[in-house]
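Colleague: Provided herewith is a single structure, encoded as structure tokens, for subsequent inquiry.
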Amino acid sequence: MNQLYLDCPSGISGDMAVAALLDLGADEQVLRQVLESLPVSGYSIKTSRVQKSGLDACDFNVILDEAHENHDHDMEYLHGHDGNHHGHAHHHHHHEHRGLKEIMEIIQQGEMTEGARALAVKIFQIIGQAEAKAHGVPEDQVHFHEVGAVDSIVDIVAFAVCFDNLGITEVILPKLNEGTGTVRCQHGILPVPVPAVANIVSEWHLPLHIMDVAGEFVTPTGAAIAAAIFTGSRLPETFYIKKIGLGAGKRHYERPSLLRAMLIETPEQEQDQIYKLETDIDDCSGEALGFVSELLFKAGAKDVHFMPIYMKKNRPAYELCVICTPEDVEKMEEIIFENTTTIGIRKMSMERRVLPRTIKTVETPYGQASVKVCQIGGRQRFYPEYESVKALCLSHGMSYSQMYAAIMEACR
Numbered sequence: 009m010n011q012l013y014l015d016c017p018s019g020i021s022g023d024m025a026v027a028a029l030l031d032l033g034a035d036e037q038v039l040r041q042v043l044e045s046l047p048v049s050g051y052s053i054k055t056s057r058v059q060k061s062g063l064d065a066c067d068f069n070v071i072l073d074e075a076h077e078n079h080d081h082d083m084e085y086l087h088g089h090d091g092n093h094h095g096h097a098h099h100h101h102h103h104e105h106r107g108l109k110e111i112m113e114i115i116q117q118g119e120m121t122e123g124a125r126a127l128a129v130k131i132f133q134i135i136g137q138a139e140a141k142a143h144g145v146p147e148d149q150v151h152f153h154e155v156g157a158v159d160s161i162v163d164i165v166a167f168a169v170c171f172d173n174l175g176i177t178e179v180i181l182p183k184l185n186e187g188t189g190t191v192r193c194q195h196g197i198l199p200v201p202v203p204a205v206a207n208i209v210s211e212w213h214l215p216l217h218i219m220d221v222a223g224e225f226v227t228p229t230g231a232a233i234a235a236a237i238f239t240g241s242r243l244p245e246t247f248y249i250k251k252i253g254l255g256a257g258k259r260h261y262e263r264p265s266l267l268r269a270m271l272i273e274t275p276e277q278e279q280d281q282i283y284k285l286e287t288d289i290d291d292c293s294g295e296a297l298g299f300v301s302e303l304l305f306k307a308g309a310k311d312v313h314f315m316p317i318y319m320k321k322n323r324p325a326y327e328l329c330v331i332c333t334p335e336d337v338e339k340m341e342e343i344i345f346e347n348t349t350t351i352g353i354r355k356m357s358m359e360r361r362v363l364p365r366t367i368k369t370v371e372t373p374y375g376q377a378s379v380k381v382c383q384i385g386g387r388q389r390f391y392p393e394y395e396s397v398k399a400l401c402l403s404h405g406m407s408y409s410q411m412y413a414a415i416m417e418a419c420r
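Numbering (the working numbering), first residue to last: 9 to 420.
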């Protein structure tokens with residue numbers, strides 16, 4: 009498990025998130041290559057070290073061509089700039105207003121991994137949905153002003169590439185800190201959190217905390233990034249910090265804008281809490297049950313299985329059993345009620361002990377394979393991943409057991 013703990017004491021924005029991941033060790037060369045392949049021009053990127061409250065942090069800056077374009081545009085909208093009206097008018101003229109469709113085409117043309125592309129698309133879809141709802145227009149008519157600007161396309165693609173490059177599988181975000189008051193934007197005066205951010209937080213169930221500080225700390229891009237990668241808000245009882253990345257924001261409020269990203273791991277044989285949900289169903293078709301099992305796995309169930317049972321009047325029936333994390337209980341229950349005929353679900357909290365495991369890529373004579381590696385009493389045990397074995401079997405016309413043995417040999 010590659011777990012990321014995202015600590016947002018002063019909110020989150022696109023550039024802070026990219027900077028934090030670069031500081032964690034995402035490959036800047038890989039990032040620059042992807043950005044060069046995008047059909048977007050008129051900007052350059054600069055990464056540097058800056059001091060925030062005496063702390064050394066990474067800064068990621070998208071510099072647009074015109075000299076006066078090189079600063080936080082959102083900040084200008086929010087708080088206005090005396091005597092800069094000319095600059096404002098020019099700013100709108102300079103930024104093509106792109107719709108979601110144009111942005112998706114740009115992302116499709118970039119040379120990046122499919123994982124990075126899918127994440128960039130997801131982040132933009134989350135923003136598009138939130139802006140459409142805020143302005144009461146259909147999603148295909150949303151025009152990104154602040155966001156369609158070159159800098160936001162670059163921020164979002166850069167984040168997706170860095171996140172993918174670090175191979176993170178789980179993201180724990182205990183809370184998003186946001187400020188209070190109002191801000192100025194293109195459309196006039198808006199309350200904080202701005203409507204797009206409020207819609208994202210609501211739609212994706214992100215944990216929000218309002219600080220007693222005036223200012224906008226969570227930007228729509230930042231909120232969409234958090235929503236796209238969020239897997240839970242509960243940190244393990246105890247954990248080790250493997251690496252820390254500190255990303256600097258551009259805004260100057262009374263608390264320094266810093267985002268902290270930490271790669272963490274849980275101690276060996278961690279005890280953790282899981283829930284077991286059970287329900288007995290005697291009047292549901294096999295297809296419906298197969299479908300609900302797929303939905304539960306998609307929504308993050310750790311395990312789903314059926315057991316044949318006999319119920320009253322000797323009816324053949326199935327007991328559905330779902331294992332999930334405490335945070336997912338409600339989501340699982342909703343899926344079960346929505347998609348089966350059941351009218352009641354039993355649930356119990358259980359402790360479980362799990363072996364620490366990591367996923368490794370192994371080179372075999374037939375190509376790369378994914379292998380789960382478990383630690384037990386100082387020894388390692390290898391479990392080739394099914395999909396990986398299957399893919400190599402199909403491409404080499406070998407049987408499952410032959411390929412499995414070849415991968416195990418490579419592990420040794």
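Quick reminder that beta carbons are idealized off the backbone N, C-alpha and C, glycines included.
Which residue from Thr121, Leu43 and Lys60 puts its Cα closest to that of Met24?
Modeller: Lys60
Colleague: With a Cβ-Cβ cutoff of 8 Å, do Ile135 and Ala232 count as a contact?
Modeller: yes
Colleague: Let me make sure I understand the geometry here. Which of Glu273, Asn69, Ala142 and Leu297 has the alpha-carbon closest to that of Leu363?
Modeller: Nearest in C-alpha terms to Leu363, of all of Glu273, Asn69, Ala142 and Leu297, is Glu273.
Colleague: Please confirm if Asp336 has its CB atom under 8 Å from at least one CB of chain B.
Modeller: As a matter of chain content, chain B is missing from the structure shown, which is built from one protein chain.
Colleague: Would Phe167 and Val26 be called neighbours here (beta carbons separated by less than 8 Å)?
Modeller: yes
Colleague: Does the stretch 336–343 come close enough to the stretch 385–397 that 3 or more CB-CB pairs lie under 8 Å?
Modeller: no
Colleague: Would you list the one or two residues that DSSP bridges to Thr369?
Modeller: Ser378
Colleague: Are Arg263 and Val221 touching if we call contact CB-CB under 8 Å?
Modeller: yes
Colleague: Which residues does DSSP pair with Phe314 in a beta bridge?
Modeller: Phe314 pairs with Leu328.
Colleague: In the DSSP output, which residue or residues are listed as bridge partners for Val359?
Modeller: Position check: residue 359 holds Glu in this sequence, whereas Val was assumed. DSSP output for Glu359 lists Gln281 as bridge partner(s).
Colleague: Who are the Cβ neighbours of Val129 in its own chain at under 7 Å, not counting the five residues just before and after it?
Modeller: Met112 and Ile115
Colleague: Mapping DSSP to helix, strand and coil, what is Asn78?
Modeller: Residue placement at Asn78 cannot be trusted, given a pLDDT of 45 that sits under 50; what the coordinates show is reported in the next sentence. If DSSP states are grouped into helix, strand and coil, Asn78 belongs with coil.
Colleague: Going by DSSP, name the residue or residues bridged to Leu72.
Modeller: Tyr51
Colleague: Residues in the same chain with beta-carbon distance under 6 Å from Asp311, minus the five sequence neighbours each way, listed in chain order, please.
Modeller: Ile331
Colleague: Any idea if Ile422 is buried or exposed, counting beta-carbon neighbours within 10 angstroms, 16 or more meaning buried?
Modeller: A query on residue 422 cannot be resolved here, the shown segment of the chain reaching from 9 to 420 and no further.
Colleague: Looking at the secondary structure, which residues open and close the beta strand (DSSP E) in which Thr349 lies?
Modeller: Note, Thr349: premise wrong, no beta strand (DSSP E); not H, not E.
Colleague: Would you say the stretch 27–44 touches the stretch 243–259, given that touching needs at least three Cβ pairs under 8 Å?
Modeller: yes
Colleague: Taking only three categories from DSSP, how would you classify His195?
Modeller: coil
Colleague: What distance in whole Å lies between the Cβ atoms of Gly107 and Val150, which are believed to be in contact at a cut-off of 8 Å?
Modeller: 7 Å
Colleague: Alpha carbon to alpha carbon, how far is Leu184 from Gly19? Give it in angstroms, no decimals.
Modeller: 6 Å
Colleague: Apart from the five residues on each side of it in sequence, which residues of its chain come closer than 8 Å, Cβ to Cβ, to Lys398?
Modeller: Tyr408
Colleague: Would you say the stretch 310–326 touches the stretch 234–249, given that touching needs at least three Cβ pairs under 8 Å?
Modeller: no
Colleague: Starting from Asp291 and walking both ways along the beta strand (DSSP E), at which residues does that stretch end?
Modeller: Where Asp291 is concerned, there is no enclosing beta strand (DSSP E), given that its DSSP letter is neither H nor E.
Colleague: Expressed to the nearest angstrom, what Euclidean distance is found between the alpha-carbon atoms of Ala142 and Arg40?
Modeller: 34 Å
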